[in-house]
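Single-structure report; data block below.
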Amino acid sequence: MMIEVMKSKIHRVTVTEANINYIGSITLDEALMEAANIIPNEKVQVLNLNSGERLETYVIKGERDSGIVCLNGPAAHKFAVGDIAIVISYAMMDFEEAKQFSPTVIFPDTATNKLV
64 MMIEVMKSKI HRVTVTEANI NYIGSITLDE ALMEAANIIP NEKVQVLNLN
114 SGERLETYVI KGERDSGIVC LNGPAAHKFA VGDIAIVISY AMMDFEEAKQ
164 FSPTVIFPDT ATNKLV
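So the sequence shown is numbered by my numbering: it starts at 64 and just counts up by one.
Below, the structure written as structure tokens:
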């Protein structure tokens, strides 16, 4: 049996930009992506702690150490600059493998979106 489990989580980052005039996605600081084990174009769920909004999109690599967390396209209507977000990715794996799997979870500084 295959199940879907949390693979990676960026817990509490501050939205730095909301760009409606883009085709869609979330742009993330490359350093955050690497630390969380998330790759470009990976599907993620983005949770807005301020509004309770949840959406799915894909990741675009942003400038390393820039602290960028930018919701693009339609997602920009669901998040405002300054909102606190959680970014989660999931993976399909065998049930027995999932029992042993440990996800990568990072806790950036919400003031800078940088690793502490």
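Backbone N, C-alpha and C fix where the C-beta goes; we use that ideal spot for every residue, glycine too.
Quick check: the Cα distance between residue i and residue j, rounded to an integer number of angstroms?
i    : j    : result
S88  : D146 : 16 angstroms
N113 : T77  : 11 angstroms
D92  : I102 : 11 angstroms
A174 : V132 : 12 angstroms
Y121 : D157 : 24 angstroms
Does DSSP put residue i in a helix, in a strand, or in coil?
i    : result
A99  : helix
E93  : helix
A154 : strand
G130 : coil
G145 : coil
G136 : helix
Taking the alpha helix (DSSP H) that residue i falls in, what are its first and last residues?
i    : result
E160 : 158-163
Where do the N-terminal and C-terminal ends of the beta strand (DSSP E) with residue i fall, by residue?
i    : result
T167 : 167-169
E80  : 80-82
I66  : 65-77
Should the region 102-116 be regarded as contacting the region 157-164, the criterion being three or more beta carbon pairs within less than 8 angstroms?
no
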